[in-house]
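Trainee: Quick one: the structure is below, questions incoming.
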Amino acid sequence: MSTLLDMLYPEFDSADCVLMLSELVTNAVEHVKVAYEWLINVLCWLDGDVLRIEVHDPGRGIPFSCAPEPEDCDGRGLFLVGMLSEHCGSERGRDGGTIVWFTVRLA
Numbered sequence: 000m001s002t003l004l005d006m007l008y009p010e011f012d013s014a015d016c017v018l019m020l021s022e023l024v025t026n027a028v029e030h031v032k033v034a035y036e037w038l039i040n041v042l043c044w045l046d047g048d049v050l051r052i053e054v055h056d057p058g059r060g061i062p063f064s065c066a067p068e069p070e071d072c073d074g075r076g077l078f079l080v081g082m083l084s085e086h087c088g089s090e091r092g093r094d095g096g097t098i099v100w101f102t103v104r105l106a
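Note that numbering that gives the first Met the number 0 has the sequence shown beginning at 0, numbered continuously upward.
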């Protein structure tokens, strides 16, 4: 992803996007509890200069962001995504799974 963004928007630093995507995929791997093999799907697209990235998983829970306390060992992923993105959210997928997404402005 970062190579393509670097070519299309050389002035944009894609490191935050890579970090946010990593957080969302990690959350899916850690929190989805289903009794069968499953896939995580990542969808990315541009709408003008806005990049939207979605992570789809088969989990039924809708994640939420909280403000972690300094001594908390975890719970910072969605908080971080909220701070670094222009917009973010989560919703139920058409298949009953979960979609967690964020947008960033590239220019």
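Backbone N, C-alpha and C define an ideal beta-carbon position, used for all residues, glycine too.
Return the first residue and the last residue of the alpha helix (DSSP H) that Asp-15 is part of.
Mentor: 14-30
Trainee: How close, in whole Å, do the beta carbons of Leu-38 and Cys-16 come, if the pair is a contact with beta carbons under 8 angstroms?
Mentor: Contact flag wrong, Cβ pair sits at about 21 angstroms.
Trainee: Using the Cβ count rule (16 or more neighbours within 10 Å means buried), how would you classify Ile-117?
Mentor: The shown model of the chain, from 0 to 106, leaves out residue 117, and the question about it has no answer.
Trainee: Could you tell me the boundaries of the alpha helix (DSSP H) in which Val-80 lies?
Mentor: 76-83
Trainee: With distances taken between CB atoms, is the gap from Asp-48 to Leu-105 smaller than 8 angstroms?
Mentor: yes
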